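Residue numbers (this note's numbering): 2 to 151.
Quick reminder that beta carbons are idealized off the backbone N, C-alpha and C, glycines included.
Quick caveat: nothing in here was measured; it's all calculated off a predicted structure.
A short write-up of the structure that comes next.
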């Protein structure tokens with residue numbers, strides 16, 4: 002491994018001048034505002050920034066955030082977990098079925114257990130049987146979609 006000093010510390014070499022990105026940021030902000038305005042006008046969506054639309058966006062973003070956190074933790078453990086969506090689908094399926102049969106609290110518990118069971122299948126396949134992580138994750142996704150009929 003070698004150590005190289007930055008260009009501004011080397012003799013006879015000057016660092017390139019820093020470009021200002023404030024103009025680019027301004028262009029992006031104006032472009033985003035124009036695009037949002039055109040979208041609202043085109044689709045007659047006057048309530049695009051209402052509390053109901055923001056609430057719906059947050060509710061729909063929660064599963065994506067949870068899958069992202071699960072992927073982060075599994076990557077830190079050294080496992081590529083492609084099957085996160087399948088685990089979410091399985092947990093949703095089992096939770097909805099149990100919630101319909103026995104009530105919402107049992108549905109929550111059974112949903113967590115169903116998602117964890119699909120995660121256990123992925124873990125056993127990758128750790129015990131040395132199956133490739135990506136192959137096992139894709140298989141979990143396909144299995145969950147097949148079981149759920151989605």
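**Prompt:** In three-state DSSP terms, what is residue 83?
**Reply:** Of the three classes helix, strand and coil, the one that applies to residue 83 here is coil, per DSSP.
**Message:** According to DSSP, is residue 92 part of a helix, a strand, or is it coil?
**Reply:** Note: residue 92 maps to helix in three-state DSSP.
**Asked** For residue 57, is the classification buried or exposed, using 16 other Cβ atoms within 10 angstroms of its Cβ as the cut-off for buried?
**Response** Under this definition residue 57 is an exposed residue.
**Message:** Please state the DSSP three-state secondary structure of residue 132.
**Reply:** Residue 132 sits in coil when the DSSP states are folded into three classes, being neither helix nor strand.
**Request:** Name the residue from 138, 117, 118 whose alpha carbon lies nearest to the alpha carbon of residue 127.
**Result:** Among 138, 117, 118, the Cα nearest to that of residue 127 belongs to 138.
**Request:** Could you name the residues of the same chain whose beta carbon sits closer than 8 Å to that of residue 59, not counting the 5 residues immediately before and after it, in chain order?
**Result:** In its chain, beyond the 5 residues on either side, no residue has a beta carbon closer than 8 Å to the beta carbon of residue 59.
**Message:** Our contact map puts residue 184 next to residue 108 with C-beta atoms below 8 Å; I'd like the distance itself, whole angstroms only.
**Reply:** Any property of residue 184 remains undetermined from this structure, which presents the chain solely from 2 to 151.
**Message:** Tell me the rounded alpha-carbon separation between residue 81 and residue 134.
**Reply:** Residue 81 and residue 134 have their C-alpha atoms spaced approximately 6 Å apart.
**Asked** For residue 150, which three-state DSSP category applies?
**Response** DSSP, reduced to helix, strand and coil, places residue 150 outside both helices and strands of the structure shown, so it counts as coil.
**Prompt:** For residue 146, which of 131, 125, 116 has the nearest alpha-carbon?
**Reply:** Taking residue 146 as reference, the option from 131, 125, 116 with the minimal CA-CA separation is 116.
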